[in-house]
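Just so you know, the sequence shown maps onto residues 573 to 851 in UniProt numbering. Remarks on the structure that follows.
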Amino acid sequence: AKGLGGNCYQLYEHRMNARAHELLVMESSLHKSLRAGELRLFYQPQVDLATGELIGMEALLRWQHPTRGLVLPGEIIPIAEDCGLIVPIGEWVLRTACRQLKELQQHCGTAVPVAVNVSSRQFVKTDLVDTIARTLHETGLPPRLLEIEITESMIMHDLDAALAILSELRRMGVRIAIDDFGTGYSSLSHLKHLPISRLKIDRSFVRDVATNANDAAITGAVIFLARTMGLEVIAEGVENAAQLDFLMRNGCILGQGYLFSPPLPVDELVTFIHGRCDS
Ligand code: C2E
Ligand code: CA
Ligand code: CA
Ligand code: CA
């Protein structure tokens with residue numbers, strides 16, 4: 573039994589080392605990915621639920637890895653946050669989203685905003701507002717066509733700092749959305765004072781909205797709350813007609829999800845927008 577215990581421990585240690593090694597390899601190749609031009613943005617259309625009309629899009633990070641294929645943010649973001657790479661990667665995401673939307677605007681007349689996810693590491697950095705202002709200036713994208721997605725916890729972590737940042741962004745004309753709304757803890761009395769444009773109902777509520785009474789109640793309450801506060805509300809992860817039906821019956825106007833479109837590479841987004849765009 574003693575020997576067995578020893579073997580188990582060695583096996584465990586071996587596995588831990590293998591995992592740690594894998595993470596290190598990923599980290600160093602992620603470093604190179606920026607310079608090597610391996611990062612991509614996919615865009616998921618956001619639509620008017622009733623008409624299907626495009627009302628915006630969310631930029632989502634992808635990594636075209638030389639041997640592993642397309643790597644999703646679930647694998648990229650935790651590593652990038654751990655080692656600080658999230659700041660340069662976040663700046664790349666912002667710049668690329670603004671540049672590509674500006675091109676879409678020029679070539680296809682697209683006049684809907686692009687939403688960019690911002691991580692907490694970027695949000696606490698003091699120069700986020702400057703970075704955004706500079707990026708808008710350099711790309712020539714009108715500020716009203718940029719939306720920043722942040723989470724409740726980023727706001728609640730330091731309310732005064734968040735209020736200062738969000739107020740400045742709003743003064744510039746940049747839109748602010750609260751992502752994954754309902755999954756964090758935010759005080760409504762605080763939210764009321766923040767210059768927010770939009771609440772995004774988290775996918776975890778939308779998933780079972782047609783079959784689970786609790787999720788239906790929460791989703792209905794969030795829609796009602798948003799409308800009462802004069803905020804836009806958008807449902808994430810809309811996958812089927814039953815969810816769509818519930819959302820529309822409960823006064824939700826906007827949505828995104830596989831029912832309408834998965835995240836698309838930019839050339840396929842152009843096809844989604846126009847069928848065809850001569851550029
Ligand atoms: P999120 O911001 O909640 O983004 C929505 C996620 O749901 C995306 O996953 C999207 O592909 C997926 N999704 C959209 N519609 C549906 C649907 O109908 N059904 C299902 N099951 N899923 C759907 P993705 O692209 O893997 O991104 C995961 C998360 O990674 C994002 O969650 C966001 O938190 C983070 N992320 C993505 N891009 C960036 C980025 O550029 N910067 C930062 N800081 N985080 C990012
Ligand atoms: Ca998001
Ligand atoms: Ca979300
Ligand atoms: Ca989510």
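In this text, a Cβ means the ideal position worked out from N, Cα and C, and glycines have one as well.
Cα-Cα separation, residue i to residue j
i	j	result
arginine 671	leucine 738	22 Å
proline 714	leucine 708	7 Å
aspartate 702	leucine 741	10 Å
arginine 848	glutamate 625	Since pLDDT at arginine 848 reaches only 48, below the 50 mark, its modelled position is unreliable, and the value read off the structure follows with that caveat. When rounded, the distance between both Cα atoms is 16 Å.
alanine 687	leucine 718	6 Å
cysteine 652	methionine 728	It should be pointed out that residue 652 corresponds to alanine in this sequence rather than to cysteine. When rounded, the distance between both Cα atoms is 23 Å.
glycine 646	glutamate 721	17 Å
leucine 633	proline 617	14 Å
residue 884	valine 690	Nothing can be reported for residue 884: it is not among the residues displayed for the chain, which extend from 573 to 851.
proline 767	aspartate 732	13 Å
residue 548	methionine 744	Lying before the first or after the last residue shown, residue 548 is absent from the chain, which here runs from 573 to 851.
leucine 613	arginine 716	20 Å
glutamine 694	leucine 611	18 Å
alanine 798	valine 684	21 Å
leucine 826	aspartate 774	13 Å
isoleucine 648	serine 761	35 Å
proline 660	serine 833	29 Å
Extent of the continuous alpha helix (DSSP H) run through residue i
i	result
isoleucine 658	658-680
glycine 646	645-655
leucine 741	731-744
alanine 788	785-800
leucine 763	760-763
leucine 779	With the sequence shown as reference, residue 779 is identified as arginine, and leucine is not the correct amino acid for it. Note, arginine 779: alpha helix (DSSP H), 775-779.
With 16 other Cβ atoms within 10 Å as the buried cut-off, status of residue i
i	result
aspartate 839	exposed
arginine 770	buried
serine 759	exposed
aspartate 752	buried
tyrosine 615	buried
glutamate 710	exposed
threonine 682	buried
glutamate 630	buried
glycine 662	buried
alanine 573	Summary for alanine 573: the model assigns pLDDT 46, below 50, so the residue's position carries little reliability; its value from the coordinates is reported in the next sentence. Exposed, since its Cβ has fewer than 16 Cβ neighbours within 10 Å.
aspartate 817	exposed
glutamate 724	buried
glycine 829	buried
Closer than 8 Å: residue i CB and nearest ligand 6 heavy atom
i	result
arginine 742	Ligands displayed in this structure: ligand 1, ligand 2, ligand 3 and ligand 4; ligand 6 is not among them.
Bounding residues of the beta strand (DSSP E) (the contiguous stretch that carries residue i)
i	result
threonine 703	Note, threonine 703: premise wrong, no beta strand (DSSP E); alpha helix (DSSP H) at 700-711.
valine 688	686-689
arginine 747	747-753
arginine 612	611-620
arginine 634	626-637
isoleucine 722	718-723
> If you scan the segment 805-850 from start to end, which runs of the beta strand (DSSP E) of 3 or more residues do you find wholly inside it?
Replying inline: none
> Can you list, in chain order, every residue whose CB sits closer than 6 Å to a heavy atom of ligand 2?
Replying inline: Glu630, Asn689, Glu721 and Asp751
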